[in-house]
Each structure stands twice: as C-alpha cells, then as structure tokens.
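Novice:
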Amino acid sequence: MPGQTNRRARKLTRADAAALYARLAEARPDPRTELDYVNPFTLVVAVALSAQATDKGVNRATGPLFKIADTPQKMIALGEAGLADHIKTIGLWRNKAKNVIALSQQLVDLHGGEVPHDRAALEALPGVGRKTANVVLAEAFGEATIAVDTHVFRVANRTGLASGKTPDAVEAQLMKITPPDYLHGAHHWLILHGRYVCVARTPKCLVCPVREICTFPQKTGAQPRAAARASAKKRAPSGAKAKKR
Ligand code: SF4
11 MPGQTNRRAR
21 KLTRADAAAL
31 YARLAEARPD
41 PRTELDYVNP
51 FTLVVAVALS
61 AQATDKGVNR
71 ATGPLFKIAD
81 TPQKMIALGE
91 AGLADHIKTI
101 GLWRNKAKNV
111 IALSQQLVDL
121 HGGEVPHDRA
131 ALEALPGVGR
141 KTANVVLAEA
151 FGEATIAVDT
161 HVFRVANRTG
171 LASGKTPDAV
181 EAQLMKITPP
191 DYLHGAHHWL
201 ILHGRYVCVA
211 RTPKCLVCPV
221 REICTFPQKT
231 GAQPRAAARA
241 SAKKRAPSGA
251 KAKKR
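Last residue of the sequence shown: number 255 in our numbering, and the count goes up by one each step with no gaps.
In structure tokens, the structure reads:
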C-alpha cells in the first residue's frame with residue numbers, strides 16, 4: 011500500500027478508550043455472538059468448531075446437529091463418525107470431531123454432564139483453550155472476560171487500545187483499559203468491528219465510527235506524517251501571499 015509504514019498505533023488514554031467503546035456501543039447497542047447455541051454445552055461445541063472457520067459456516071452445520079445432539083451424552087451416542095458427517099463442511103473437521111467427542115466424555119466423567127463454571131476445568135477440556143474458555147465464561151456464566159481472537163487482536167493493536175504481540179498480552183491490556191461498564195460487551199464490539207469495519211486487508215476507515223479516536227498510522231485516507239509535513243510546507247507560501255493581499 012503506498013505510504014504504508016510499520017509504525018505502531020499510539021496507545022490510547024483511558025478517556026479515549028472509553029470514548030471508543032461508547033461509539034462502538036452506539037453503533038451496536040445489543041452486541042451478541044453470531045454463533046448459534048441452545049445451552050452451555052452447545053456453546054462450547056460451537057466455539058470449539060469455530061476455530062479457523064466462519065460463524066455462518068459453523069451455524070449451517072450445527073443447526074441440524076444440535077437438534078439431535080444437544081447434550082454430552084447424546085453427542086457420545088452419535089459417535090465420532092456420526093458427528094463427522096455433520097461437520098465435514100468445517101475446516102479441520104477430523105480433529106474437531108475427535109475433540110468434541112473427547113470433551114463430551116470428559117464432561118460426563120468429571121462434571122456430571124454439565125459445563126463447569128471454572129476456567130481451569132474448561133481449559134482442561136480437549137480442544138478448549140483460553141479463548142474458548144473466555145467466551146464460555148462470558149456468554150454462559152456472565153463473567154467479565156475478553157476473548158481475544160484474530161479480529162479482537164487486530165482491532166486492539168490497530169486502534170491503540172492495546173499493543174501486544176500475543177493474544178494473552180492483548181487480553182491483559184484490554185482488561186486494564188476497558189471501563190467496567192463496557193467489559194461485558196467488549197469482546198463482541200471488538201470482534202464485530204473487526205469482522206465488518208476494521209477488516210484485515212483494507213479497513214473501512216472512511217466509514218468507521220471510531221475514526222477520530224483510532225491512532226492507526228495507516229488509516230485509509232490518513233496522510234503519512236512526512237507527506238502531511240511536505241504538503242503543509244507547500245501550502246505555506248501561498249497562504250502567506252494571500253494574507254498580504
Ligand atoms: S479508523 Fe480504520 S484502522 Fe482505525 S478502527 Fe477504524 S477501520 Fe480500523
């Protein structure tokens with residue numbers, strides 16, 4: 011991209027972060043996950059299936075699947091081959107089928123068939139990492155957590171909300187800078203903003219509701235600093251002349 015540099019976004023102040031969330035909240039007053047689920051178990055399964063897949067693709071597969079297997083016991087009865095038939099349209103389906111059956115078995119063996127309200131127990135489930143655990147803790151149990159997926163990671167680093175090289179580092183900074191009132195919706199606001207506006211290749215800065223607050227140096231339509239200085243110098247003499255007239 012012409013004029014693109016590798017400069018990092020300037021870190022936002024707490025006041026700017028609050029203003030950014032206020033604008034995202036205004037644009038999407040009722041943010042929700044776009045994954046379909048009917049109970050905590052199907053939420054865990056849907057999130058586990060969504061790694062490197064679109065929510066729409068996952069929903070197409072889980073609609074019919076959850077009608078016949080909405081509990082760990084029913085999922086185990088369906089079996090790995092039966093489950094695989096339902097999720098073959100989703101990337102990495104072989105591994106995901108294995109993991110979903112194994113996590114169902116673990117829920118039955120260790121948690122009475124219930125999804126535990128406990129981070130360590132969730133992260134111990136096959137195929138469940140910190141991100142999935144955060145989504146489940148927030149969605150199913152109302153905890154204030156911020157799951158950092160690829161969209162949240164990009165948006166946080168671009169806007170200046172956080173500056174981190176790993177999802178864990180970004181999560182820690184987001185938890186600090188996000189005002190308490192916005193903690194519950196933060197994950198959804200950032201993910202939806204990344205999915206539809208601050209997209210990976212060419213962010214839609216010209217229609218972005220947080221454009222004035224975001225400090226991404228390569229904002230679309232933003233002049234790189236050097237070019238802005240050069241064009242300001244060029245304009246100066248004619249401005250001076252105009253004054254003399
Ligand atoms: S101004 Fe551009 S880079 Fe900044 S958040 Fe909006 S879309 Fe993303």
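Note that beta-carbon positions come from the ideal geometry of N, C-alpha and C, so glycine has one too.
Do you know whose CA, among PRO219, ALA196, LEU184, LEU216, lies nearest LYS21's CA?
Specialist: For this step, residue 21 is matched to residue 11 along the sequence shown. Taking LYS21 as reference, the option from PRO219, ALA196, LEU184, LEU216 with the minimal CA-CA separation is LEU184.
Novice: Measure the CB-CB distance between LEU59 and THR72 and report whether it falls below 8 Å.
Specialist: For this step, residue 59 is matched to residue 49 along the sequence shown. For this step, residue 72 is matched to residue 62 along the sequence shown. Yes; because the gap between Cβ atoms is below 8 Å, this pair is in contact.
Novice: Would ARG42 and HIS198 qualify as a contact pair, given that the criterion is a beta-carbon distance under 8 Å?
Specialist: For the purposes of this step, residue 42 is taken as residue 32 along the sequence shown, with counting starting at 1. For the purposes of this step, residue 198 is taken as residue 188 along the sequence shown, with counting starting at 1. Yes. Within cutoff.
Novice: So for GLY67, helix, strand or coil by DSSP?
Specialist: Translated into the one-based positions of the sequence shown, residue 67 becomes position 57. Reduced to three states, the DSSP call for GLY67 is helix.
Novice: Could you pull the start and end residues of the alpha helix (DSSP H) that TYR258 belongs to?
Specialist: With the chain covering 11 to 255 only, the question about residue 258 has no answer from this structure.
Novice: Distance check for ALA166 and GLN233, CA to CA, integer angstroms please.
Specialist: Position 223 of the sequence shown, counted from the start, is the residue given in the question as residue 233. Position 156 of the sequence shown, counted from the start, is the residue given in the question as residue 166. Its pLDDT being 46, under 50, GLN233 is placed unreliably in this model, and the value from its coordinates should be taken loosely. When rounded, the distance between both Cα atoms is 21 Å.
Novice: Exposed or buried, which one is PRO213 when buried takes at least 16 other CB atoms within 10 Å?
Specialist: Along the sequence shown, one-based indexing puts residue 213 at 203. Looking at its Cβ environment, which holds 16 or more other Cβ atoms inside 10 Å, PRO213 is buried.
Novice: Helix, strand or coil: how does DSSP classify VAL146 here?
Specialist: As a working mapping, residue 146 is identified with position 136 in the sequence shown. If DSSP states are grouped into helix, strand and coil, VAL146 belongs with the helices.
Novice: Which residues count as close to ligand 1 when the rule is a CB under 7 Å from any of its heavy atoms, in chain order?
Specialist: Chain-ordered list of matching residues: VAL165, ARG168, THR169, HIS203, VAL207, CYS208, PRO213, LYS214, CYS215, CYS218, VAL220, ARG221, CYS224, PHE226, LYS229, THR230.
Novice: Pairing CB atoms from the segment 149 to 163 with CB atoms from the segment 171 to 190, are three or more of them under 8 Å?
Specialist: yes
Novice: Roughly how many angstroms separate the alpha carbons of GLN83 and LYS98, rounded to a whole number?
Specialist: Walking along the sequence shown from the start, residue 83 turns up at place 73. Walking along the sequence shown from the start, residue 98 turns up at place 88. Their backbone Cα atoms lie some 21 Å apart in a straight line.
Novice: Is the segment 63 to 70 in contact with the segment 29 to 41, if contact means three or more CB pairs nearer than 8 Å?
Specialist: no
Novice: Note the first and the last residue of the continuous alpha helix (DSSP H) segment covering ASN167.
Specialist: Position 157 of the sequence shown, counting from 1, holds the residue named residue 167. Unbroken alpha helix (DSSP H) run through ASN167: 160 to 169.
Novice: Beta carbon of TYR31, beta carbon of THR230: below 8 Å?
Specialist: Against the sequence shown, residue 31 aligns to sequence position 21. Against the sequence shown, residue 230 aligns to sequence position 220. Taking 8 Å as the Cβ cut-off, TYR31 and THR230 do not qualify as a contacting pair.
Novice: Please state whether DSSP places GLN115 in a helix, a strand or coil.
Specialist: Here residue 115 corresponds to residue number 105 of the sequence shown, with the count starting at 1. Here GLN115 sits in helix by DSSP.
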